[in-house]
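A short worksheet on the structure shown next.
Here it is, written out as C-alpha cells:
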C-alpha cells in the first residue's frame, strides 16, 4: 500500500492528504437542511449531512489528490449512524481510487490492538467466513503502550499489505508536555522515532517502509531531526494551514527526491469556503472552494520543494 | 459518577470491575451456533453471539459487582454490528444498575478529543436537539498528546458528572518501553501521574476526584508510588488474574480505608468456565462459572485488604 500511495503522489504531483473531519459547523446550511428534512434532527440526519458533505468534496477533489484521511472521532461522536457514514465515506473514496488513511489513533495491549488492527485494516473471522469491517488502507496508532501495542498492527500490515502511521510528535500545542521530555538528554519523541524505524525495518515496500510516523507541521525543526532518524519511514504531517504550518516549513519533512512525506489539511480544505480568499465561491459551491484550496496547497508545497531543490 | 461508583463498591463490598471483552474464542459453542443459525456467519451473527454472551454474564453477576468495563476494540473489530452490540451492552448494564467504564483509550488533539468525549460520555448537538450516543459513565483516555488532548474529556466530565481514567502505567509487558524512561531521574509514568492529580484537582466528588488513572496490577511497586502521587485519584487496575496480578499485590493501590482502587478482570471472569477450577460448571453454565470467579476474586482482594488492615 505504501507503494500505491507513492505512485498516486507521483501521478498527482501532490504529496497531500485531505482530512475529512466534517464538524457540523463546517457543513453548509443547505446540506444540513436537506438531511434534517429527510431524517429529522437525529443522529441519522447528522450522519446524512456528513456523508453528503464528504461526497461533494471527494467528487470535486479526487483527481487532484492521492489520499484522504477521515478522522473517525468526527463520525463516532454521532454514534452508530455516524460510524455508518464513516464506512460509507471509506468505501466511496476507494471507488474513486483514493488511498484512505483512517485517523483512529488506537493503541492498546496486545490482544486488544490485534482486534483494532483486524477491524480497521485486516480481517475478522466469523465461523468459517472472513470479513474486512472498516477496510481502511492505513491507520494512525498511538505508541504509549510500547512495542506490544504496535506490533499487532505491524503484523496485520505485513499480511494485508496495509500500513500505519505511528504518532511520534503531534501537532497540538501541548504535545511537548510528555513527548519533548528529555530521556538521557534526548526528547522522548526521538526515542519513539527510533522505534518506528526499528519496527519498519522488515516492512519495506520498494523504497519506503509501510510503518510510517506522524510528525506535526507545527514543529519543523523536530521534523528535520526525525526525517534523519527514520530515513525509510513516510511521514504523515498534520497541522498545515489552519493549525499554522506553511509550505516552507515543510521541506525538511521530505527527502531530496521530493518524497517521504504527505501533508494533511482538514479545515483549510473542507471549510475553505469560509475563508476570505475563497468566499467568492459562496456556501452553495463549497466543494469548488475546496478544489481551489487543494490546488493552492499543492502549489505552495510544490514551490517550497522546488525552491529547495 | 465517582460518588456513585464508590457507593456501589461499598454496597457490594467488591472493588471489582468485570471486563466485558468478548473475544470469539471465549464464547461457548452453543451461543455461537444459535447466533449463526439466526444471522448466518456474518458480522451480525458475531455481534449477536457477543450480546447473548454478555447478557448472560451480566445477568449472573450484576448483584455482586459495582461496574463493568467493556473493551470497545472487541466490538469495533466486528464493524457496525459489533458497535451496536457494544451500545446494547452499555444500555443493558445501565438497566441492571451497573456503572459502565468504556475502555476506549481515545486521545487526540483538542477538537477531536472533544468529539470523542461528546460521543462517549457527553452529548452531541444535532440542529436543535441533543443526543448521548454511547453514554458510558467513565472512559479511559490516552495521555500521549498532553493536556489539550485530555482537557476536553475533563470538561465534559464536569458538565455531565462523568469520569475518566487516564493511562498512567499500563499492564502489558512492554509498557515500560516509553512509560518507564527516566525524565530528570524519574520515570515518565510518575510525571503523567502528577498531571492526573493536577487535572483532577478541580474535579472532586465527595472524597475522590472523577479524574482517575489506569495502573496495571502487574506493577505493584509502581502502584505504591503512584497511590501517593495521586492521593485523590481513583485507580483502575487491569491485569488481575489472567495477566498475572494477585490480590496480595494489589493492597498498595488502595488507601487505608479500603477505597481508592477498582480492579478489573476480563478473561479470568468471562472465560472462567475454561479454567480447571471452574470446569465443573461446564460450557453450558459458563455464566455460573463467571459468578463463582467473581466471588473468588472479591474474596481474594477482600482477604488481602483485611490482612493489611
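Chains as they are written, first to last, in my numbering: chain A, 1 to 309; chain B, 310 to 618. For every residue, glycine included, the Cβ atom is placed at its ideal position computed from N, Cα and C.
I think residue i touches residue j, with their Cβ atoms under 8 Å apart; what is that distance to the nearest whole Å?
i	j	result
residue 476 of chain B	residue 523 of chain B	5 Å
residue 141 of chain A	residue 106 of chain A	6 Å
Looking at residue i: is its Cβ nearer than 8 Å to the Cβ of residue j?
i	j	result
residue 143 of chain A	residue 114 of chain A	no
residue 379 of chain B	residue 398 of chain B	yes
residue 356 of chain B	residue 382 of chain B	no
residue 573 of chain B	residue 545 of chain B	yes
residue 156 of chain A	residue 101 of chain A	no
residue 478 of chain B	residue 401 of chain B	no
residue 373 of chain B	residue 600 of chain B	yes
residue 104 of chain A	residue 392 of chain B	no
residue 359 of chain B	residue 568 of chain B	no
residue 486 of chain B	residue 116 of chain A	no
residue 28 of chain A	residue 288 of chain A	no
residue 293 of chain A	residue 269 of chain A	yes
residue 2 of chain A	residue 208 of chain A	yes
residue 247 of chain A	residue 211 of chain A	no
residue 150 of chain A	residue 490 of chain B	no
residue 223 of chain A	residue 238 of chain A	no
residue 19 of chain A	residue 233 of chain A	no
residue 139 of chain A	residue 351 of chain B	no
residue 396 of chain B	residue 362 of chain B	no
Closer than 8 Å by beta-carbon distance: list the chain B residues that pair up with residue i, in chain order.
i	result
residue 80 of chain A	389, 392, 393, 396, 442
residue 116 of chain A	382, 385, 386
residue 46 of chain A	433, 435
Would residue i be called buried (16 or more neighbouring beta carbons within 10 Å of its own) or exposed?
i	result
residue 297 of chain B	With chain B represented from 310 up to 618, any question about residue 297 of chain B goes unanswered, as that position is not in the structure.
residue 349 of chain B	exposed
residue 130 of chain A	exposed
residue 608 of chain B	exposed
residue 137 of chain A	buried
residue 95 of chain A	exposed
residue 59 of chain A	exposed
residue 497 of chain B	buried
residue 249 of chain A	buried
residue 371 of chain B	buried
residue 320 of chain A	Nothing about residue 320 of chain A can be reported from this structure: the residues present for chain A run from 1 to 309 only.
residue 44 of chain A	buried
residue 427 of chain B	buried
residue 494 of chain B	exposed
residue 244 of chain A	exposed
residue 488 of chain B	buried
residue 588 of chain B	exposed
residue 37 of chain A	exposed
residue 586 of chain B	exposed
residue 499 of chain B	buried
residue 320 of chain B	exposed
Please compile the residues from chain A whose C-beta is within a distance smaller than 9 Å of the C-beta of residue i.
i	result
residue 617 of chain B	The contacting residues do not exist; residue 617 of chain B stays about 28 Å from chain A at best.
residue 345 of chain B	126, 127
residue 476 of chain B	144, 145
residue 370 of chain B	None at all; the shortest Cβ gap to chain A is about 22 Å.
How about residue i: is its Cβ closer than 7 Å to a heavy atom in the ligand PLP?
i	result
residue 359 of chain B	Among the components of this structure there are no ligands whatsoever, and the ligand PLP is therefore not found.
Note down, in chain order, every chain B residue with its Cβ under 7 Å from the Cβ of residue i.
i	result
residue 112 of chain A	380, 382
residue 108 of chain A	382, 414
residue 170 of chain A	418, 454
Going along chain A in order, which residues have a C-beta closer than 7 Å to the C-beta of residue i?
i	result
residue 350 of chain B	126, 127, 128, 129
residue 482 of chain B	148
residue 568 of chain B	Chain A residues near residue 568 of chain B: none, gap ~26 Å exceeds 7 Å.
Which chain B residues are close to residue i, counting only those with a beta carbon under 9 Å from its beta carbon?
i	result
residue 181 of chain A	490, 492, 493, 497, 500
residue 236 of chain A	Per Cβ cutoff of 9 Å: no residues; residue 236 of chain A is ~14 Å from chain B at best.
If the cut is a Cβ gap below 8 Å, which residues of chain A does residue i touch?
i	result
residue 486 of chain B	146, 147, 195
residue 428 of chain B	73, 76, 77, 78, 79, 82
Cβ pair count under 8 Å reaching 3, the region 227–245 of chain A against the region 190–197 of chain A: Counting Cβ pairs under 8 Å, three or more are found: they touch.
At least 3 beta-carbon pairs within less than 8 Å: the region 170–188 of chain A vs the region 412–420 of chain B: Judged by Cβ distances under 8 Å, the region 170–188 of chain A makes contact with the region 412–420 of chain B, as three or more pairs qualify.
Cβ pair count under 8 Å reaching 3, the region 465–476 of chain B against the region 431–447 of chain B: Contact between the region 465–476 of chain B and the region 431–447 of chain B is established, with three or more Cβ pairs separated by less than 8 Å.
The region 555–565 of chain B touching the region 332–339 of chain B, judged by at least three CB pairs closer than 8 Å: Short answer: they don't touch.
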